[in-house]
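Chemist: For reference, the structure I am asking about is given below.
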């Protein structure tokens, strides 16, 4: 079976659900590009509506935080405390030197917490919170504001929640999200792995470990006795299905179909990797896929397309049609 076509099916690119169901299916969706992840979620919904996704943030059903790899992801509010428990164990140890380099000690953190509790209210922009910290003399160099928000979010004090206009607001997690019972760490890890394989299969143990920022041995424990099937080096779903070989997908940058794997060779030819991430700088271009393989890139400005090989007229027409429809067009 084609790995790429099976992945498209697992990734809900051929099946529409609600925004909350999409994020629940994945467990977490990479979201440092906020407009991009809104589009990625909307593409997988029945109505393909960006506004439906925004409404899910405004209702408190979806939030954004740093659950793994020091990278912003969208998660369901019902699971946010679980994934942050893992982040505190897996991410925090690697941030000590950076915190020290920025001059952020425990005294600064405590002052930042106190000010945040006082000023966040029903929601505050990054700029507004930064201004409050600056007026208190807490921040005076680049990187400090970002790291303070990052640290206080993983602690569980702050979370990115509703929208004000085009800006997402920071809110107090305990005020915005209903309380939840603390769960055993190993149960959380098992659930993370299960959701990852469900939404990314066929995939490998190394992909899962990289994506979740957990040891491969933890992945192995989670998969032992699971419903998934190991075949040809890939963990697969027993009810695996394929997307159509005629399937065309036009995706935003940072979509899970590309970013969800450490080994992207099933969808991206080695010679095209630099085209979707120029210079290997971590900034991924929006992509055009045919039968689960990247065949080109596109830009929102002017809806310009760049193909790796000359497309047929019919294929290009399908791509242009997709670009002019929500959610890629920016419409509702």
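Residue numbers (this note's numbering): 908 to 1239. Yeah, the Cβ is synthetic: ideal placement off N, Cα and C, and Gly gets one too. Keep in mind the model is a prediction, meaning the values are calculated, not measured.
1. Ignore the nearest five residues each way along the sequence and tell me which others in residue 992's own chain have a CB closer than 7 angstroms to its CB.
2. As a quick exercise: from 951, 1109, 1208, 1196, pick the residue whose alpha carbon is nearest that of residue 1139.
3. Around the C-beta of residue 983, are 16 or more other C-beta atoms found within 10 angstroms, so that it is buried, or is it exposed?
4. What three-state label does DSSP hand residue 978 in the structure shown?
5. Buried or exposed for residue 1192, going by 16 or more other Cβ atoms inside 10 Å?
6. Could you tell me the alpha carbon to alpha carbon distance between residue 1015 and residue 1041, rounded to whole angstroms?
7. Would you mind working out which of 1142, 1237, 949, 1064 sits nearest residue 921, comparing C-alpha positions?
8. Relative to the C-alpha of residue 1086, which candidate in 1158, 1063, 1180 has its C-alpha closest?
9. Using a 10 Å radius around the Cβ and a threshold of 16 neighbouring Cβ atoms, would you call residue 959 buried or exposed?
10. With a threshold of 16 other CB atoms inside 10 Å of the CB of residue 908, please say whether the residue is buried or exposed.
11. Quick check: the Cα distance between residue 1084 and residue 967, rounded to an integer number of angstroms?
12. What does the alpha-carbon distance come out to for the pair residue 1123 and residue 997?
13. What distance in whole Å lies between the Cβ atoms of residue 1060 and residue 973, which are believed to be in contact at a cut-off of 8 angstroms?
14. For residue 952, is the classification buried or exposed, using 16 other Cβ atoms within 10 angstroms of its Cβ as the cut-off for buried?
15. Near residue 1165, what residues of its chain come up, given a Cβ to Cβ distance below 8 angstroms and the 5 sequence neighbours on each side ignored?
Modeler: Well, looking at it:
1. Listed in chain order, the non-local C-beta contacts of residue 992 below 7 angstroms within the same chain comprise 1092, 1095, local neighbours out to five positions each way being set aside.
2. Considering only 951, 1109, 1208, 1196, the residue with the shortest C-alpha distance to residue 1139 is 1109.
3. Burial call: buried.
4. Three-state result, residue 978: strand.
5. So residue 1192 ends up on the buried side.
6. Whole-angstrom Cα-Cα distance: 12 angstroms.
7. Considering only alpha carbons, the answer is 949.
8. Ranking the options by Cα distance to residue 1086, first place goes to 1063.
9. Around the beta carbon of residue 959, 16 or more other beta carbons lie within 10 angstroms, which makes this residue buried.
10. Any reading at residue 908 must be qualified, since the residue scores a pLDDT of 49, below 50, and its modelled position is unreliable; no value is offered.
11. Cα to Cα, residue 1084 sits roughly 7 angstroms from residue 967.
12. About 13 angstroms.
13. Taking the Cβ atoms as the reference, residue 973 lies roughly 6 angstroms from residue 1060, within the contact range of under 8 angstroms.
14. With 16 or more other Cβ atoms within 10 Å, it is buried.
15. If you ignore the 5 residues before and after residue 1165, its C-beta comes within less than 8 angstroms of the C-beta of 1158, 1171, 1174, 1175, 1183, 1191, 1194, 1201, all in its own chain and listed in chain order.
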